[in-house]
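J.: Take the sequence shown: its position 241, counted from the start at 1, is 349 in this note's numbering, and no numbers get skipped. No residue lacks a Cβ here, since even glycine has one placed at the ideal position from N, Cα and C. First, the structure itself, so that you have it in front of you.
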Amino acid sequence: MNEGTELSLTIAQIVQRLKGSHLHSQIERHAKECLHQPEIKLGSLKDDVRSFLRTSGWERRLQNAVYRELHVQLPPSHPTPPPEHLKEPLAYMRKAQASWEKRVLKSLNSMSTELGVPLARMRPAVEQKELTNKWNELGTEEPDLSRFRPVYAPKDFLEVLISLRNPNHDSSEEVSIRSHWGLIQVPLNVRDIPQLVLAPMRRAFSELSLNTGQLGIDDHAHIHPDLFENEYVQIGKKVVEEQDSAAAQQYSRQGCPTGLRADLWALILNATNQPQDVMYYEQLKAGVIQHDLLVDNLIYKDVKLTASNDDYYFVFEDFLYQVLLSFSRDTAVLEHFKYNSATPPKSYIEGKMGVEECAVVYPPNGVIPFHGFSMYVAPLCYLYNEPSKLYSVFREMYIRYFFRLHSISSSASGIVSLCLQFERLLQTHLPQLFYHLRQIEAQPLRIAFKWMVRAFSGYLSTDQLLLLWDRILGYDSLEIVAVLAAAVFAFRAENLMEVTSLASAEAVLADLSTLKVMPLIQIFLFATAI
């Protein structure tokens with residue numbers, strides 16, 4: 109497609125997606141109401157209405173909504189692409205994802221059969237009343253979860269990624285080169301350090317350079333606060349005041365001040381907390397109270413195994429249950445499967461197995477939680493104390509970023525590319541270390557995978573994790589996760605060169621809670637690039 113056709117197509121698609129939205133109806137209503145104002149003249153009607161929408165803030169809200177649409181679903185490179193190509197262009201990736209989904213769904217159905225627990229049931233009135241009364245104290249519940257097990261853990265998913273092969277790629281001529289050092293054996297284009305720091309401006313990590321001020325470095329250094337932090341905070345307040353999503357995203361590349369982070373993230377994600385958003389959250393809550401799902405037990409089990417045992421997050425147990433149980437009922441999440449390589453799992457109404465008309469998406473949001481899933485929500489609890497706002501931000505984070513960490517795709521921010529990028533960075537810039545770990549059967553990816561699949565949640569201290577997530581939002585990319593994983597190995601390289609087994613390598617990297625994220629990333633990216 110030429111540039112003009114592509115732009116026209118993109119505009120048409122965004123207009124189509126925004127039509128019928130609550131924002132569209134609000135703008136339409138306010139535009140009609142302004143017609144009764146005396147300053148609106150018939151001779152200049154169009155310009156006067158536009159001026160009114162601009163001064164009343166509706167134009168900026170529309171700009172933010174368009175900006176969100178551009179980031180959530182990338183425009184196609186063809187005017188009529190097949191739906192499966194929008195999800196994932198590579199056939200072997202689609203096939204691998206479909207096979208993995210069948211395996212996960214089979215595990216869930218087997219659990220339901222073995223335990224005699226239905227996938228869904230209506231709660232009796234007494235149980236509904238009881239759940240309503242203790243909604244804010246769900247953490248005090250002690251259900252018997254001993255029979256339930258996570259459907260899968262990250263290590264199971266890693267084995268699937270390791271087995272991925274492109275049937276059209278002949279690797280016989282490449283036996284001696286570095287691509288065979290690592291576990292990921294698919295030919296995808298991933299960026300090395302020169303491309304990361306010198307790429308076209310929108311995608312380059314140029315703001316992380318050593319001569320640019322950074323929250324997470326310069327606010328802790330022996331530098332007078334007037335030289336960086338005070339001025340930076342003032343700029344941040346101005347960005348929040350202006351309510352501009354694009355400006356907020358650019359700003360967060362250098363980190364978000366603690367007092368402004370919640371507002372900046374919500375602005376970047378265009379996650380609102382209007383009365384209609386609160387009402388929608390209440391409807392989801394009602395769905396939790398009315399129906400009991402088998403996946404509810406998986407959510408309880410996961411929170412108990414992860415966040416409840418974490419020194420940073422155990423206090424948010426009630427919030428985690430509220431958000432995750434509501435999330436499982438949210439059918440609006442299904443919209444992201446248009447650009448997700450995954451397909452929502454389906455189950456059948458009892459007694460109608462195999463009858464396609466009786467197939468329903470299960471769980472209603474199409475996402476089966478796995479071991480560690482609750483850690484995508486836990487850090488956000490430090491930013492938002494209102495469940496509906498917390499929910500709104502988490503859902504946006506999930507449909508933009510987190511879904512890519514547990515689905516098989518060729519996306520540059522997908523977990524396959526991140527694994528490959530991590531291995532390539534190590535192989536290229538720390539070849540001795542990589543070779544040593546490979547020789548002792550301590551493949552680096554086996555250690556780092558659990559960090560990456562959770563975007564480091566539960567491994568870094570919360571303040572450092574939030575600084576990392578600032579940059580994920582700022583660069584609209586998860587690549588920084590792979591860079592940090594490689595930087596951690598670089599930081600501990602001296603100790604790792606002494607280890608003689610996988611267990612001892614894991615011991616060296618067992619505790620990341622004392623690491624300072626931004627200095628590690630800066631030094632790895634820019635000292636290596638010199």
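Mind checking whether the beta-carbon of residue 381 lies closer than 7 angstroms to any heavy atom of the ligand SAH?
T.: Only the bare structure without any ligand can be found here, which leaves the ligand SAH out of the picture.
J.: Among 503, 626, 217, which has the Cα closest to the Cα of residue 484?
T.: Minimum Cα distance to residue 484 is reached at 503.
J.: Distance, Cα to Cα, residue 257 vs residue 210?
T.: Straight-line Cα distance between these residues: approximately 18 angstroms.
J.: Starting from residue 509, follow the alpha helix (DSSP H) in both directions and report where the run begins and ends.
T.: Note, residue 509: premise wrong, no alpha helix (DSSP H); not H, not E.
J.: Tell me whether residue 179 sits in a helix, a strand or coil according to DSSP, three-state version.
T.: In the structure shown, residue 179 sits in a helix (DSSP, three-state: H, G or I).
J.: Does the beta-carbon of residue 419 have 16 or more other beta-carbons within 10 angstroms, so that it is buried, or is it exposed?
T.: Under this definition residue 419 is an exposed residue.
J.: Can you round the beta-carbon distance between residue 392 and residue 437 to whole angstroms, since I take them to be within the 8 angstroms contact cut?
T.: Indeed, because the Cβ distance is near 5 angstroms, the residues count as touching under 8 angstroms.
J.: For residue 553, which beta-bridge partners are listed by DSSP?
T.: Answer is none; residue 553 lacks a bridge partner.
J.: Would you list the residues sitting across from residue 203 in a DSSP beta bridge?
T.: Looking at the DSSP assignment, residue 203 forms no beta bridge with any residue, so it has no partner.
J.: In this structure, how does DSSP classify residue 600 when only helix, strand and coil are distinguished?
T.: Residue state, collapsed to three classes: coil.
J.: Determine the DSSP secondary structure at residue 284, reduced to helix, strand or coil.
T.: Caution applies to residue 284, whose pLDDT of 46 falls short of 50 and renders its modelled position unreliable; the model cannot decide the point.
J.: Starting from residue 437, trace the alpha helix (DSSP H) in both directions and tell me its first and last residue.
T.: Careful: residue 437 lies outside any alpha helix (DSSP H) and carries neither H nor E.
J.: Can you tell me whether DSSP reads residue 309 as helix, strand or coil?
T.: Interpretation of residue 309 is limited by its pLDDT of 45, a score under 50 that renders its predicted location unreliable; the figure taken from the coordinates is listed afterwards. If DSSP states are grouped into helix, strand and coil, residue 309 belongs with coil.
J.: Given residue 361, which residues of its chain have a CB within under 6 angstroms of its CB, disregarding the five upstream and five downstream residues?
T.: Excluding sequence neighbours, residue 361 sits near 315, 582.
J.: Who are the Cβ neighbours of residue 472 in its own chain at under 6 angstroms, not counting the five residues just before and after it?
T.: Within the same chain, residue 472 has close Cβ partners 437, 439.
J.: Cβ of residue 523 within 8 angstroms of Cβ of residue 475?
T.: Their beta carbons are not under 8 angstroms apart, which means residue 523 does not touch residue 475 by this criterion.
J.: Looking at the structure shown, is residue 605 part of a helix, part of a strand, or coil, going by DSSP?
T.: In the structure shown, residue 605 sits in coil (DSSP, three-state: anything other than H, G, I, E or B).
J.: With distance defined between alpha-carbon atoms, name the residue in 465, 528, 226 nearest to residue 295.
T.: Among 465, 528, 226, the Cα nearest to that of residue 295 belongs to 528.
J.: Let me check one thing: in DSSP terms, what residues is residue 229 bridge-paired to?
T.: Looking at the DSSP assignment, residue 229 forms a beta bridge with 400.
J.: So, at 6 angstroms on beta carbons, what are the nonlocal neighbours of residue 513 in its own chain, with the 5 sequence-adjacent residues on each side left out?
T.: For residue 513, where only same-chain residues beyond five positions count, the Cβ hits under 6 angstroms are 523, 561.
J.: Buried or exposed: which applies to residue 605, given that a residue is buried once 16 or more other Cβ atoms fall within 10 Å of its Cβ?
T.: Exposed.
J.: Can you name, in chain order, every residue of its own chain whose Cβ lies under 6 angstroms from the Cβ of residue 632, other than the five neighbours on each side?
T.: So the list reads 595, 598, once near-sequence residues are dropped.
J.: DSSP three-state call for residue 468: helix, strand or coil?
T.: Residue 468 falls in the strand class under three-state DSSP.
J.: Can you name the start and end residues of the alpha helix (DSSP H) that residue 543 belongs to?
T.: Residue 543 -> alpha helix (DSSP H) spans 539–547.
J.: How is the beta strand (DSSP E) around residue 455 delimited, first residue to last?
T.: Start and end: 454–456.
J.: Spatial neighbours of residue 200 within its chain, please: CB distance less than 7 angstroms, with the 5 preceding and 5 following residues excluded, ordered by chain position.
T.: The residues are 274, 275.
J.: Pick helix, strand or coil for residue 257, following the three-state DSSP scheme.
T.: Coil at residue 257, not helix or strand.
J.: Assuming contact is defined by CB atoms lying nearer than 8 angstroms, are residue 501 and residue 415 in contact in what I supplied?
T.: Not in contact: residue 501 and residue 415 (Cβ atoms no closer than 8 angstroms).
J.: Taking only runs that begin and end inside the stretch 330–362, name each unbroken alpha helix (DSSP H) of 4 or more residues, in chain order.
T.: Runs found: 337–350, 353–359.
J.: So what's residue 217 in DSSP terms, helix, strand or just coil?
T.: Of the three classes helix, strand and coil, the one that applies to residue 217 here is helix, per DSSP.
J.: What is the rounded straight-line gap between the Cα of residue 155 and the Cα of residue 197?
T.: Rounded to the nearest angstrom, the two C-alpha atoms are 43 angstroms apart.
J.: Taking C-beta to C-beta, are residue 130 and residue 508 nearer than 8 angstroms?
T.: Cβ distance not < 8 angstroms, so residue 130 and residue 508 don't count as in contact.
J.: Going by Cα to Cα distance, which pick from 127, 137, 165 is closest to residue 177?
T.: The candidate whose alpha carbon is nearest that of residue 177 is 127.
J.: Using a Cβ-Cβ cut-off of 6 angstroms (strictly less than) and excluding sequence neighbours within five positions of residue 270, which residues of its own chain qualify?
T.: The answer, listed in chain order, is 291.
J.: CB residue 404 to CB residue 481, shorter than 8 angstroms?
T.: Their beta carbons are not under 8 angstroms apart, which means residue 404 does not touch residue 481 by this criterion.
J.: Taking residue 470 and residue 449 to be in contact with their CB atoms under 8 angstroms, please state how far apart those CB atoms are, rounded to whole angstroms.
T.: About 19 angstroms; that fails the 8 angstroms criterion.
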